[in-house]
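Enquirer: Structure in structure tokens, see below.
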Amino acid sequence: MSSLTTEQPPLAQGEPQPPQQQHRVSGGLLDPKMLLVSLPSAGKKLDPRVMVKNPVMFVVEVGAVLTTVFAIKDPSVFAWVITVWLWLTVVFANLAEAVAEGRGKAQAETLRKTRTETVARRLTDWHPGDTAIREEPAPAAGLKLGDHVVVEAGQVIPGDGDVVEGIASVDESAITGESAPVIRESGGDRSAVTGGTKVLSDRIVVRITSKPGETFIDRMIALVEGASRQKTPNEIALNILLASLTIVFLIAVVTLQPFAVFAGAEQSIVVLVSLVVALIPTTIGALLSAIGIAGMDRLVQRNVLAMSGRAVEAAGDVNTLLLDKTGTITLGNRQAAEFLPVGGTSAAELADAAQLSSLSDETPEGRSIVVLAKEKHGLRGRELGGDATFVPFTAQTRMSGVDLPADGGGRRTLRKGAATAVMKWIRDNGGHPTEEVGPMVDAIAAGGGTPLVVGEVVERAGSTTARVLGVINLKDVVKAGMRERFDELRRMGIRTVMITGDNPLTARAIAEEAGVDDFLAEATPEDKMALIKREQAGGKLVAMTGDGTNDAPALAQADVGVAMNTGTSAAKEAGNMVDLDSNPTKLIEIVEIGKQLLITRGALTTFSIANDVAKYFAIIPAMFATAYPGLDKLNIMKLHSPTSAIASAIIFNALIIVVLIPLALRGVRYRPSSAAALLSRNIWIYGLGGLVLPFAGIKLIDLIVQFIPGLS
1 MSSLTTEQPP
11 LAQGEPQPPQ
21 QQHRVSGGLL
31 DPKMLLVSLP
41 SAGKKLDPRV
51 MVKNPVMFVV
61 EVGAVLTTVF
71 AIKDPSVFAW
81 VITVWLWLTV
91 VFANLAEAVA
101 EGRGKAQAET
111 LRKTRTETVA
121 RRLTDWHPGD
131 TAIREEPAPA
141 AGLKLGDHVV
151 VEAGQVIPGD
161 GDVVEGIASV
171 DESAITGESA
181 PVIRESGGDR
191 SAVTGGTKVL
201 SDRIVVRITS
211 KPGETFIDRM
221 IALVEGASRQ
231 KTPNEIALNI
241 LLASLTIVFL
251 IAVVTLQPFA
261 VFAGAEQSIV
271 VLVSLVVALI
281 PTTIGALLSA
291 IGIAGMDRLV
301 QRNVLAMSGR
311 AVEAAGDVNT
321 LLLDKTGTIT
331 LGNRQAAEFL
341 PVGGTSAAEL
351 ADAAQLSSLS
361 DETPEGRSIV
371 VLAKEKHGLR
381 GRELGGDATF
391 VPFTAQTRMS
401 GVDLPADGGG
411 RRTLRKGAAT
421 AVMKWIRDNG
431 GHPTEEVGPM
441 VDAIAAGGGT
451 PLVVGEVVER
461 AGSTTARVLG
471 VINLKDVVKA
481 GMRERFDELR
491 RMGIRTVMIT
501 GDNPLTARAI
511 AEEAGVDDFL
521 AEATPEDKMA
531 LIKREQAGGK
541 LVAMTGDGTN
551 DAPALAQADV
561 GVAMNTGTSA
571 AKEAGNMVDL
581 DSNPTKLIEI
591 VEIGKQLLIT
601 RGALTTFSIA
611 NDVAKYFAII
621 PAMFATAYPG
631 LDKLNIMKLH
641 SPTSAIASAI
651 IFNALIIVVL
661 IPLALRGVRY
671 RPSSAAALLS
681 RNIWIYGLGG
691 LVLPFAGIKL
701 IDLIVQFIPG
711 LS
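Per full-length UniProt numbering, residue 1 is the first one in the sequence shown, and the count goes up by one each step.
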């Protein structure tokens, strides 16, 4: 375990995280109703201009046209059976893609319901702090980039934007499906709002950040319908491979005819087309597009919007995972566990000072300090009156506290915060931190806790006394099951790096408890960017999450950048995925879904190529058995006749596509393992299965079709 530390040490103040949601990496099974609804779309895809985008199935369609012409010219039961099943093969292939798209269209229809003909209250000449409100009605669709609108309780937010004034609770169930309202406020990393969501309380001013027709919901609809889906690099490479195999088999079949004529066994066009279709990888050619669309659909089911199929595929190839500690690896709400006084200060005196400095601190840590002082020392929260001045926490000072009158006159200043910041503050005011503080802080940090130092400065009659009162031990709890999740990622060959603002000792303790491979302590946005670039320079693909404007550069640099929906517009624009639930832990699931996509594609490719072998043994002996009697030995399935053998192979070729559609949509079952183990599993299960299943299937079909006149 090594530390990737930096010079600037901000104290991370925890904040509440959304509830965790558990999902399995799987999609729904094929719905018969969806199958019927998708049939018209599958028919429309028979347009050659559409089919040419899939070279394998385009060849099948051309073959179906040829057999149709020859079946009309020289009708026979055999010719028509082959023709019908070739057309069904093409339709079934289109059906797989249509069903996958149909699932997305159903999701898009739900999203459309969130778009209403909202009339916006557009502000004219608005500027921050403006009290003279001048507004005009405007259609939501007519809002332009940079417009400001006011939204009050009960009203629908008319467009995507950032809150620039006010704070409100917002119902985002139309987008996320989560009924619990969320807080949106100006400034910070929780300022982004989405058009179509509803304000439940208070009033906010929103600056529109999207152009008409380019809102978040518009993009979601386009993406889940598949309109914006582009083929990924791996998918393009596989398509090129399949097209190359198709060309090779076409040339091979064309050259067979002269040999057949020479041997006195000339074959009809119908038989030659059947041989081509049986030999080319039609199964994976038919399902390849559906596999990619279904991968994006599985993300949508988990409220993750992928901006492209490339992002989903990249998730499956990720080598390094950057995870924030707070809210992802740990529960995020650090709790005060004990007060440790120093320098002769009593525990009650330390607890009183810690509570006073935390009365205006609304963070979970601040509230827990107030509660601990009450439970351990009977100290209750109190009103300090107008003479008290509360000082909020900032990233620059890394302290918070209160200024109030001192007993006996003068001014008493209390501060709590990062050890280095408070001790520097004590020295700057003429004090000297006790020697007890350093070892105490190190011990807490080494144990995985977060030390907060409490200091006091009292000014009376021109004299100043500064001293450290003690240390507060904050404990951050690692989420249950995280070590097991990281073990799974390690088996997949993925390196995990924990990102935290904690000091190196605290970071190391949490990292060892959680089981991550490495950690980046006291991290700044520049450090995250540098780490990502370092990993990518070594040939690694990197995934990370973020929600703030300062995360935007790193999200843009990462191969998979997952922005939180609660975050800023800049973060959502920079990432190539948006998590509508704003659950940082979901990055692990996204990687699993990407892996599942690649596993499914590889498994069905292996199956497709393997099952061509059985069709070869069915058709080749049938074609040439009369001319070359020795070839009859290759008829190991003992098929009834040449015509029944060829028909059985073509029928099986079509039916296996329908059988595999649910698997393409659901995905092959995900099991964390190494690339070598996955390859071995694919070869044994799908390679061997693709070799054996067609023998059994073709033989079974042959037993049925031999009773059809004209095929016996």
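Positions of the beta carbon are idealized from the N, C-alpha and C atoms, including for glycine.
#1: Could you pull the start and end residues of the alpha helix (DSSP H) that P439 belongs to?
#2: In terms of DSSP beta bridges, what is D403 paired with?
#3: What number of angstroms, rounded off, separates the C-alpha of T643 from the C-alpha of V52?
#4: Using C-beta distances below 6 Å, list every residue in its chain close to T320, excluding the 5 sequence neighbours before and after it, in chain order.
#5: In the DSSP output, which residue or residues are listed as bridge partners for V542?
#6: Looking at the unbroken alpha helix (DSSP H) that takes in I620, where does it start and where does it end?
#7: Contact between the segment 451 to 471 and the segment 429 to 441 is defined here as three or more beta-carbon pairs at a separation below 8 Å; is this criterion met?
#8: Decide if the segment 341 to 352 is in contact with the segment 524 to 531; the criterion is three or more beta carbon pairs, one per stretch, under 8 Å apart.
#9: Where does F707 sit, in a helix, a strand or coil, going by DSSP?
#10: State buried or exposed for K633, treating a residue as buried only when at least 16 other CB atoms are found within 10 Å of its CB.
#11: Going straight from the alpha carbon of P364 to that of L46, what length do you get?
#12: Span of the beta strand (DSSP E) holding L452?
#13: Using the rule of at least 16 other Cβ atoms within 10 Å of the residue's Cβ for burial, across every protein chain shown, is R669 buried or exposed?
#14: Buried or exposed, going by whether 16 or more other CB atoms sit within 10 Å of the CB of I704?
#15: Using the beta-carbon count (16 or more within 10 Å), is S244 buried or exposed?
#16: Tell me the residue span of the beta strand (DSSP E) that contains T496.
#17: Quick check: N234 and E338, are their CB atoms within less than 9 Å of each other?
#18: Are V342 and S358 closer than 9 Å when you measure CB to CB?
#19: What whole-angstrom Cβ distance do P137 and V119 have, given they're in contact under 8 Å?
#20: Any idea what DSSP makes of A421, helix, strand or coil?
#21: Would you give the residue range spanned by the alpha helix (DSSP H) that Q335 belongs to?
#22: Helix, strand or coil for H127, going by three-state DSSP, please let me know.
#23: With DSSP run on the structure shown, which of helix, strand or coil describes S644?
#24: Does residue 716 come out as helix, strand or coil in the three-state DSSP assignment?
#25: Here's the rule: buried if 16 or more other CB atoms are within 10 angstroms of the residue's CB, otherwise exposed. What is G697?
#26: Identify, in the order they occur along the chain, each residue of the same chain with its Cβ nearer than 6 Å to the Cβ of D517, setting aside the five sequence neighbours on each side.
#27: Pull up the CB-CB distance for M637 and K699, whole angstroms please, since I reckon it's below 8 Å.
#28: Would you give the residue range spanned by the beta strand (DSSP E) that M577 belongs to?
#29: How far does the alpha helix (DSSP H) with R508 in it reach, from first residue to last?
#30: Taking the continuous alpha helix (DSSP H) assigned at L469, which residues delimit it?
#31: Is the CB-CB distance between L414 and E456 below 9 Å?
#32: Using DSSP with H/G/I as helix, E/B as strand and the rest coil, what is P158?
#33: Within its chain, find whatever has a CB closer than 8 Å to the CB of V441; leave out the 5 residues flanking it on each side and keep chain order.
#34: Using the three-state DSSP reduction, which class does A290 fall into: helix, strand or coil?
#35: Roughly how many angstroms lie between the CA atoms of E573 and I609, to the nearest whole one?
#36: Of all the options R203, L287, N550, which has the alpha carbon lying nearest to the alpha carbon of L665?
Expert: Looking at the coordinates:
#1: As a working mapping, residue 439 is identified with position 439 in the sequence shown. 437 to 446 is the span of the alpha helix (DSSP H), which, as asked, contains P439.
#2: Residue 403 sits at position 403 when you count from the first residue of the sequence shown. DSSP, once it has assigned bridges, lists T389, T413 as partnering D403.
#3: For the purposes of this step, residue 643 is identified with residue 643 of the sequence shown, where counting begins at 1. For the purposes of this step, residue 52 is identified with residue 52 of the sequence shown, where counting begins at 1. Roughly 30 Å separates the two Cα atoms.
#4: The residue given as residue 320 occupies position 320 in the sequence shown. Only R495, E535, K540, V542 meet the Cβ criterion.
#5: The sequence position of residue 542 within the sequence shown is 542, counting from 1. Answer is T320, bridged to V542.
#6: Locating residue 620 in the sequence shown gives position 620, where the first residue counts as 1. Segment 586 to 624, the alpha helix (DSSP H) holding I620.
#7: Output reads yes: the segment 429 to 441 touches the segment 451 to 471.
#8: Too few Cβ pairs lie closer than 8 Å, so no.
#9: Taking the sequence shown and counting its residues from 1, one reaches residue 707 at position 707. Assignment of F707 by DSSP, reduced to helix, strand and coil, places it in the coil class.
#10: Counted from its first residue, the sequence shown places residue 633 at position 633. Exposed, since its Cβ has fewer than 16 Cβ neighbours within 10 Å.
#11: The sequence position of residue 364 within the sequence shown is 364, counting from 1. The sequence position of residue 46 within the sequence shown is 46, counting from 1. Cα to Cα, the separation comes out at about 60 Å.
#12: As a first step, residue 452 must be located in the sequence shown, where it is residue number 452. Looking at the DSSP string, the run of the beta strand (DSSP E) that includes L452 is 449 to 460.
#13: For the purposes of this step, residue 669 is identified with residue 669 of the sequence shown, where counting begins at 1. Within 10 angstroms of the beta-carbon of R669 lie fewer than 16 other beta-carbons, which makes it exposed.
#14: In the sequence shown, residue 704 corresponds to position 704, counting from 1. By the 10 Å Cβ count, I704 comes out exposed.
#15: Indexing the sequence shown from 1 puts residue 244 at position 244. Exposed is the call here.
#16: The residue given as residue 496 occupies position 496 in the sequence shown. T496 -> beta strand (DSSP E) spans 495 to 499.
#17: Position 234 of the sequence shown, counting from 1, holds the residue named residue 234. Position 338 of the sequence shown, counting from 1, holds the residue named residue 338. Against a cut-off of 9 Å, the Cβ pair of E338 and N234 comes out as no contact.
#18: For the purposes of this step, residue 342 is identified with residue 342 of the sequence shown, where counting begins at 1. For the purposes of this step, residue 358 is identified with residue 358 of the sequence shown, where counting begins at 1. Not closer than 9 Å, so no.
#19: On the sequence shown, residue 137 is found 137 positions in, with the first residue counted as 1. On the sequence shown, residue 119 is found 119 positions in, with the first residue counted as 1. Going by Cβ atoms, the distance from P137 to V119 rounds to 5 Å, so yes, they are a contact pair.
#20: To locate residue 421, count along the sequence shown from 1; it is residue 421. Three-state DSSP puts A421 in a helix.
#21: The residue labelled residue 335 in the question sits at position 335 within the sequence shown. That residue, Q335, is in no alpha helix (DSSP H); its beta strand (DSSP E) goes 335 to 341.
#22: For the purposes of this step, residue 127 is taken as the residue at position 127 of the sequence shown. Note: H127 maps to coil in three-state DSSP.
#23: Indexing the sequence shown from 1 puts residue 644 at position 644. Correct three-state label for S644: helix.
#24: Residue 716 cannot be examined here, being either before or after the span of the chain that is shown, 1 to 712.
#25: If you number the sequence shown from 1, residue 697 lands on position 697. Under this definition G697 is a buried residue.
#26: Walking along the sequence shown from the start, residue 517 turns up at place 517. Here the set comprises R495, T496.
#27: The residue given as residue 637 occupies position 637 in the sequence shown. The residue given as residue 699 occupies position 699 in the sequence shown. Rounded, the Cβ-Cβ distance is 5 Å, consistent with contact.
#28: The residue you call residue 577 lines up with position 577 of the sequence shown. Unbroken beta strand (DSSP E) run through M577: 577 to 579.
#29: In the sequence shown, the residue the question calls residue 508 occupies position 508. Counting along the chain, the alpha helix (DSSP H) containing R508 begins and ends at 504 to 514.
#30: Here residue 469 corresponds to residue number 469 of the sequence shown, with the count starting at 1. Element bounds for L469: not the alpha helix (DSSP H) but the beta strand (DSSP E), 463 to 475.
#31: Working through the sequence shown from its first residue, we reach residue 414 at position 414. Working through the sequence shown from its first residue, we reach residue 456 at position 456. In this structure, E456 lies closer than 9 Å to L414 by Cβ.
#32: Translated into positions along the sequence shown, residue 158 becomes position 158. It is coil, neither helix nor strand.
#33: Stepping through the sequence shown from its first residue, residue 441 is reached at position 441. So the list reads A419, P451, V453, V471, once near-sequence residues are dropped.
#34: For the purposes of this step, residue 290 is taken as residue 290 along the sequence shown, with counting starting at 1. Looking at A290 - three-state DSSP - the assignment turns out to be helix.
#35: Within the sequence shown, residue 573 is the residue found at index 573, counting from 1. Within the sequence shown, residue 609 is the residue found at index 609, counting from 1. Going by the C-alpha atoms only, they are around 41 Å apart.
#36: Here the question's residue 665 lines up with position 665 in the sequence shown. When only C-alpha atoms are compared, the closest one is L287.
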